[in-house]
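Engineer: Numbering (my numbering), first residue to last: 421 to 672.
For glycine and all other residues, C-beta sits at the position ideal for the given N, C-alpha and C.
Following this message is one structure expressed as C-alpha cells.
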C-alpha cells in the first residue's frame with residue numbers, strides 16, 4: 421500500500437453534492453456492491469439516496485487509488501460497532517488504512533489516514549435548541565462555558581463541541597454508546613484543542629489530536645486523529661470518477 425503522506429497525516433476529500441449529476445449517479449451505482457445498492461434503496465427520500473451514492477462512490481474511488489485497485493474491487497465490512505472498514509484480507513496488503521465519512525447539507529467529506537481518524541460535519545443554520553441538547557449530552561465544563569455566552573455565541577461554540585465529540589467517538593469506532601458526557605473539550609484556537617475524559621473511557625488525552633474547522637460559514641467540521649504528534653493535513657475537492665483537485669484550504 422502506498423503511504424498517503426509523511427506520517428502521521430490525514431487526507432481530506434470534499435465533494436459538493438450539487439455538482440453531481442444524474443450521469444454521475446448512474447456511474448456510481450455501477451461500482452457499488454449489491455449490499456450497498458440494497459441499503460441505498462432503503463432511504464425514503466431521493467436526496468438521501470443520492471448523498472449516500474456519492475458518499476460510497478467517494479470512499480471507493482479514493483481507497484482504490486491508495487490501494488491501486490478499481491473502485492468496484494474494494495471490499496468493505498462492518499466492524500464490531502458497525503463502522504465500515506476494509507476487510508481483513510485487504511488490510512493485510514500493506515500499511516494500516518483507516519477512514520471516516522461524514523455528510524451534511526451540500527457536502528460529503530472523507531478522511532483517510534494510517535491512524536484511527538474521525539470526522540463530522542454539521543450544517544449550523546438548522547433549527548434546534550442547542551442548550552437543551554447540551555444539557556443532555558455535554559461535559560460539565562462545556563455546559564458551564566456555553567451558559568456564559570450570548571445566544572449567538574452559544575450556537576457557534578455548540579457546533580464546535582458537537583462536531584469534535586462526534587469525530588472522537590467515530591475515530592474510536594464505538595458510537596454514541598461511549599457517552600458524550602464522559603468527555604469534553606477546551607478550545608484555545610481552531611488547532612489548539614484539548615480533550616478531558618473520565619476514567620471509564622480507558623483512554624489518554626495525550627494520544628489525540630483535534631481540529632475545529634469552518635467551511636463556507638454555514639458548516640462546522642470536527643476532526644480527530646489518534647496520534648501523539650501533530651499531523652499534516654492535505655485537502656482535495658473531488659467529483660468521484662471525474663476529477664480530484666488539490667484544495668487550497670489551510671487547516672494546519
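For the beta strand (DSSP E) containing residue 523, list its first residue and its last residue.
Structural biologist: 518-524
Engineer: For a minimum of 3 consecutive residues, which ranges assigned as the beta strand (DSSP E) are wholly contained in the region 647-672?
Structural biologist: 652-659, 663-666
Engineer: Pull up the distance between the alpha-carbon of residue 656 and that of residue 435, whole angstroms please.
Structural biologist: 9 Å
Engineer: How would you call residue 595, buried or exposed, if buried means at least 16 neighbouring beta carbons within 10 angstroms?
Structural biologist: exposed
Engineer: Just verifying my parser: in three-state terms, what is the DSSP assignment at residue 497?
Structural biologist: strand
Engineer: What would DSSP say about residue 437, mapped onto helix, strand or coil?
Structural biologist: helix
Engineer: List the endpoints of the continuous alpha helix (DSSP H) containing residue 571.
Structural biologist: 571-592
Engineer: Less than 8 Å between the C-beta atoms of residue 539 and residue 643, yes or no?
Structural biologist: yes
Engineer: Report all residues from its chain with a CB closer than 7 Å to the CB of residue 423; omit the five preceding and five following residues, and keep chain order.
Structural biologist: Reliability of the predicted coordinates at residue 423 is poor, the pLDDT of 47 falling under 50, and the value obtained from them is presented with this limitation in mind. The residues are 515.
Engineer: Skipping 5 residues on each side, what residues in its chain have a beta carbon closer than 7 Å to that of residue 582?
Structural biologist: 542
Engineer: Can you find the residues in the same chain that come closer than 6 Å, C-beta to C-beta, to residue 600, ignoring five residues on each side of it along the sequence?
Structural biologist: Only 557, 585 meet the Cβ criterion.
Engineer: Spatial neighbours of residue 563 within its chain, please: C-beta separation below 8 Å, excluding the five flanking residues on both sides.
Structural biologist: 554, 555
Engineer: In the DSSP assignment, find the beta strand (DSSP E) that holds residue 451 and state where it starts and stops.
Structural biologist: No beta strand (DSSP E) contains residue 451, which is instead part of the alpha helix (DSSP H) from 442-451.
Engineer: If you count every other CB in all the chains shown that lies within 10 Å of the CB of residue 663, and 16 or more means buried, which is it?
Structural biologist: exposed
Engineer: Cα separation between residue 618 and residue 592?
Structural biologist: 15 Å
Engineer: How about residue 544 and residue 476: are their beta carbons less than 8 Å apart?
Structural biologist: no
Engineer: Which residues bound the alpha helix (DSSP H) around residue 482?
Structural biologist: 466-487
Engineer: Based on Cα-Cα distance, which residue from 612, 492, 589, 457 lies nearest to residue 502?
Structural biologist: 589
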